[in-house]
Amino acid sequence: MHKARLVIFAKAPIPGYAKTRLIPALGEQGSARLAKRLLEHATAHAVEADLGPVTLYAAPYPMSQWPDICLPQALEFAPQGQGDLGDRLSAACESIFDDHWDGVPVIITGTDCPGLTSELLGQISNVLKDNDAVLVPASDGGYVAIGLSRFNPQVFSGIDWSTEHVCRQTVERFESLGWQYTLLPQMHDIDEQQDLQWLPQSWSLKDFEQFN
Numbered sequence: 204m205h206k207a208r209l210v211i212f213a214k215a216p217i218p219g220y221a222k223t224r225l226i227p228a229l230g231e232q233g234s235a236r237l238a239k240r241l242l243e244h245a246t247a248h249a250v251e252a253d254l255g256p257v258t259l260y261a262a263p264y265p266m267s268q269w270p271d272i273c274l275p276q277a278l279e280f281a282p283q284g285q286g287d288l289g290d291r292l293s294a295a296c297e298s299i300f301d302d303h304w305d306g307v308p309v310i311i312t313g314t315d316c317p318g319l320t321s322e323l324l325g326q327i328s329n330v331l332k333d334n335d336a337v338l339v340p341a342s343d344g345g346y347v348a349i350g351l352s353r354f355n356p357q358v359f360s361g362i363d364w365s366t367e368h369v370c371r372q373t374v375e376r377f378e379s380l381g382w383q384y385t386l387l388p389q390m391h392d393i394d395e396q397q398d399l400q401w402l403p404q405s406w407s408l409k410d411f412e413q414f415n
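In terms of our numbering, the sequence shown has 271 at position 68, counting the first letter as 1, and numbering is strictly consecutive.
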């Protein structure tokens, strides 16, 4: 298996803070429970992939501000920093692709896609052997994961974040840099009420529906 450093961007699963677009369907508590399940799923699969170090870039930070939650002991933690998502992604990459970079590629994910398994992370890592970048597009026009074997801040600059243009604009950045890249099959994030149909069959929606 080709090694990689895994980076996960995540919000604390706090009611009213995480998965706010699902609050009309699940309520604040239910949305937070789903955020917690997605976080646990993402971190478990990242560690299970056994590609290399896994760092959770957390908001808020430090982790003492997070609710009591069971996360893999192998995780490392770091703050997301300031600015929009592009600024924060660039800062994370710059801290990795520095003068001491060891040549190991970086795979960055969120926690919104339960289909992003350890097997798929391994596939992304293997594709990076022969590519400068890999994208796993999301059905909403964003992307589920991005893999980079090199870094240029243009990749995250001037992107219309949280729109249907994110994946297309990112591909345009790759092409303007002359990078070789691969697009893997599209997947589904869980962001809106209509996305709940993409939850794994083993997850019961009743576990997340609001109740008092």
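Even glycine gets a Cβ: it sits at the ideal position worked out from N, Cα and C.
Predicted, not measured: the structure shown is a model, and the values here were computed from it.
Coil, strand or helix - residue i by DSSP
| i | result |
| --- | --- |
| threonine 246 | helix |
| lysine 239 | helix |
| glutamate 412 | coil |
| isoleucine 311 | strand |
| glycine 255 | coil |
| proline 227 | helix |
| leucine 292 | helix |
| leucine 338 | strand |
| leucine 209 | strand |
Close-in-space but distant-in-sequence residues of the same chain around residue i (CB under 6 Å, 5 per side omitted)
| i | result |
| --- | --- |
| leucine 225 | Ser234 |
| leucine 241 | Thr314 |
| glutamate 395 | Arg224 |
| threonine 258 | Val210, Glu279, Ala281 |
| valine 358 | Arg376 |
| phenylalanine 354 | Cys296, Phe300 |
| leucine 387 | Val339 |
| leucine 274 | Thr246 |
Burial state of residue i (16 or more Cβ within 10 Å)
| i | result |
| --- | --- |
| threonine 366 | exposed |
| leucine 408 | exposed |
| asparagine 415 | Bear in mind that a pLDDT of 40 at asparagine 415, under 50, signals an unreliable position, so the number given afterwards is only what the model happens to contain. Asparagine 415 is exposed by the Cβ-count criterion. |
| glutamine 276 | exposed |
| serine 293 | buried |
| isoleucine 310 | buried |
| glutamine 285 | exposed |
| aspartate 398 | buried |
| aspartate 410 | exposed |
| glutamine 400 | exposed |
| glutamine 283 | buried |
| isoleucine 362 | buried |
| cysteine 316 | buried |
| proline 403 | exposed |
| isoleucine 272 | exposed |
| aspartate 335 | buried |
| aspartate 333 | exposed |
| aspartate 392 | buried |
Other residues of its chain near residue i: CB distance less than 7 Å, five sequence neighbours each side excluded
| i | result |
| --- | --- |
| leucine 331 | His205, Ala207, Pro308, Val337, Gly350, Ser352 |
| isoleucine 217 | Ala235, Pro270 |
| serine 321 | His248, Glu251, Ala252 |
| leucine 229 | Leu237, Phe411, Glu412, Gln413 |
| histidine 368 | Gly344 |
Chain C within 8 Å of residue i, Cβ atoms only
| i | result |
| --- | --- |
| serine 342 | Within the model displayed, chain C is absent; a lone protein chain is all it includes. |
Cβ shell of residue i (< 8 Å), same chain only, five flanking positions each side left out
| i | result |
| --- | --- |
| leucine 319 | Ala245, His248, Thr312, Val339, Val347, Ala348, Met390 |
- Message: If contact is defined by three or more beta carbon pairs under 8 Å, each pair taking one atom from either stretch, is the stretch 324–336 in contact with the stretch 258–270?
- Response: no
- Query: What are the start and end residues of each continuous beta strand (DSSP E) run of 3 or more residues lying completely inside the stretch 344–401, in chain order?
  - Reply: 346–351, 384–386
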